[in-house]
Amino acid sequence: MSESATVSPSVYSKDRPYPAVLIENRLLTKPGSAKETRHLVLNLGEGGPGYEAGDSIGVFPLNRPAEVAEILQRLGATGAESVSLPRVAAPVDFREALTSKLALAGPTRAVLEKFAAKAADPEEQGRLAALSAPGAREAANAFLAERGFVDLLAEFPSVRFTPQEFVDMMRRLMPRLYSIASSPRVFPGEVHLTIVITRYRTNGRDRVGVCSTFLADRVPLREGHVPIFVSHSHFRLPPDGTRDCIMVGPGTGIAPFRAFVQDRAASGATGRNWVFFGDQRRATDFLYEEEWQQYLADGQLVRLDTAFSRDQAHKVYVQDRMRENAAALWSWLEGGAHFYVCGDAKRMAKDVDAALHELVAAQGGLTPEQAASYVKQLKKDKRYQRDVY
Ligand SMILES: Cc1cc2nc3c(=O)[nH]c(=O)nc-3n(C[C@H](O)[C@H](O)[C@H](O)COP(=O)(O)OP(=O)(O)OC[C@H]3O[C@@H](n4cnc5c(N)ncnc54)[C@H](O)[C@@H]3O)c2cc1C
Ligand SMILES: NC(=O)c1ccc[n+]([C@@H]2O[C@H](COP(=O)([O-])OP(=O)(O)OC[C@H]3O[C@@H](n4cnc5c(N)ncnc54)[C@H](OP(=O)(O)O)[C@@H]3O)[C@@H](O)[C@H]2O)c1
């Protein structure tokens, strides 16, 4: 394996984000897909932060101007009012605070209580008091799950806050993390991302994910800046390029494995690469299909097993493909392969972990306890790594 890519010492950090430029914004899913998954490319220029395959980047988004404008209008504010925020040295304009500093989603029950205290209309006051009552916790949570600050202002128009009172109820707008889908050896000065754009409708309003739509809809191509930082990870390729890699990445979980395969091809790593990919439908959701086919043709990928969950009556998932290929997978593991999982933490990563345990027990002729300690040892040796969210 050739010399590893160096990470340049950087003056940029989470507290001092780098202004990257969006240079590509392309749909990966095809017409008819239930999802909108995009390939986005950020240019870091020559002096930007360095990264390695396996790292993620943090993006500081801006909220939607229309939502900010509606909040200002409903509060009777101009946006030019000055407000103070915790951990922000100087006062900022109210509009600026709502645009870049504060989360417009996620009001809490404490916020409902503040609304109840401010309601001038008795009917609104009654509804808010009922939701704020000690026994109404579940009802209040269900009510809040479908509402942001703008909904509360729309539903309780008699409630008025000063700009400072309003910002005092809000939480900070947090950066979002994204797995980097490119290797710096192949795309120096660039960061590629694979992002599902969040759009849905609740309580009669179209909702959007703040950061995914900031990147997909609101950042102009080649103009304007996206404040980013690199989040250095422990998710790493084997230092020994002769080791085999098994990569399980359904949906956007495929992102770091695009980086890994690029990196291994560029570094001349001789270990074999095996990718498990899954998504809803082959015809519309096979992310980076042409690239995988090319890697297969070139021998840089020796196996690609896909699980398209909605192409048949029953669900087929990546762990089903692992089970079907249990003997080969076991032989790769016994040969020293590294096993990686990326993507959904709630269900997929747990189910893949269970499938790995079952497979090790069955193929190795081990008891469940022995299989658990085999997998534990894989983790200890950094041969079983996960990047799940
Ligand atoms: C280490 C790490 C790596 C990641 N890598 C990637 C990646 O490579 N690609 C990627 O796409 N994402 C990735 N993510 C997730 C990413 O950070 C964001 O969480 C995601 O893009 C959503 O952010 P957003 O600002 O667009 O949405 P937000 O504004 O945060 O909104 C999302 C919220 O909206 C609500 N919501 C969403 N859909 C619905 C619905 N149908 N009904 C009701 N409510 C709903 C949920 O409360 C959800 O939490 C990663 C996360 C981590 C921690
Ligand atoms: N709002 C939306 O409409 C919407 C749509 C998609 C994703 N999302 C969210 O966006 C995030 C990222 O989505 P994504 O595109 O990266 O992929 P994803 O939703 O994780 O789906 C990728 C593939 O994994 C499958 N899957 C579901 N449960 C699984 C399990 N237990 N084990 C193994 N595979 C499983 C899915 O099948 P099935 O989906 O067919 O079960 C799909 O084929 C997720 O957190 C998801 O909740 C939202």
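Our numbering puts the first residue of the sequence shown at 16, with every later residue one more than the last.
Where a beta carbon is used, it is the ideal one built from N, C-alpha and C, also for glycine.
C-alpha distance - residue i paired with residue j, whole-angstrom precision
| i | j | result |
| --- | --- | --- |
| residue 356 | residue 371 | 11 Å |
| residue 173 | residue 202 | 55 Å |
| residue 66 | residue 73 | 12 Å |
| residue 86 | residue 319 | 49 Å |
| residue 115 | residue 27 | 19 Å |
| residue 292 | residue 335 | 11 Å |
| residue 30 | residue 54 | 26 Å |
| residue 256 | residue 51 | 35 Å |
| residue 132 | residue 154 | 19 Å |
| residue 344 | residue 208 | 29 Å |
| residue 120 | residue 164 | 6 Å |
| residue 167 | residue 204 | 44 Å |
| residue 19 | residue 253 | In this prediction, residue 19 scores a pLDDT of 44, lower than 50, which makes its location untrustworthy; no coordinate-derived value is stated. |
| residue 192 | residue 246 | 8 Å |
| residue 141 | residue 134 | 9 Å |
| residue 127 | residue 80 | 24 Å |
| residue 16 | residue 284 | The predicted position of residue 16 is uncertain, since its pLDDT is 36 and thus under 50; a value taken from the coordinates is nonetheless stated next. In a straight line, the C-alpha of residue 16 is about 5 Å away from that of residue 284. |
| residue 169 | residue 178 | 16 Å |
| residue 301 | residue 84 | 39 Å |
| residue 147 | residue 162 | 15 Å |
| residue 378 | residue 388 | 15 Å |
| residue 45 | residue 107 | 43 Å |
| residue 365 | residue 182 | 39 Å |
| residue 145 | residue 151 | 7 Å |
| residue 136 | residue 91 | 17 Å |
| residue 95 | residue 117 | 16 Å |
| residue 237 | residue 385 | 55 Å |
| residue 251 | residue 353 | 10 Å |
Closest Cα partner of residue i within the set the options
| i | options | result |
| --- | --- | --- |
| residue 234 | 385, 30, 32, 38 | 38 |
| residue 93 | 232, 80, 101, 109 | 109 |
| residue 180 | 130, 194, 27, 254 | 130 |
| residue 281 | 200, 41, 393, 404 | 200 |
| residue 277 | 219, 64, 206, 321 | 206 |
| residue 36 | 196, 184, 239, 190 | 239 |
| residue 361 | 261, 178, 268 | 268 |
| residue 286 | 298, 273, 258 | 258 |
| residue 242 | 44, 315, 42, 64 | 64 |
| residue 368 | 152, 382, 401 | 401 |
Any non-hydrogen atom of ligand 2 closer than 7 Å to residue i Cβ
| i | result |
| --- | --- |
| residue 221 | no |
| residue 295 | yes |
| residue 324 | yes |
| residue 49 | yes |
| residue 251 | no |
According to DSSP, residues forming a beta bridge with residue i
| i | result |
| --- | --- |
| residue 34 | 242 |
| residue 354 | 261, 399 |
| residue 108 | 97 |
| residue 294 | 323 |
| residue 340 | Beta-bridge pairing links residue 340 to no other residue. |
| residue 53 | 42, 210 |
| residue 58 | 36, 205 |
| residue 288 | 260 |
| residue 193 | 72 |
| residue 237 | None, per the DSSP bridge assignment. |
Distance cut-off 7 Å: residue i Cβ against heavy atoms of ligand 1
| i | result |
| --- | --- |
| residue 233 | no |
| residue 76 | yes |
| residue 401 | no |
| residue 303 | no |
| residue 225 | yes |
| residue 191 | yes |
| residue 197 | no |
| residue 404 | yes |
| residue 267 | yes |
| residue 270 | yes |
| residue 165 | no |
| residue 319 | no |
| residue 274 | no |
Legend entry - Completely contained beta strand (DSSP E) runs for the region 210–235, where each covers 3 or more residues: 214–217, 220–223
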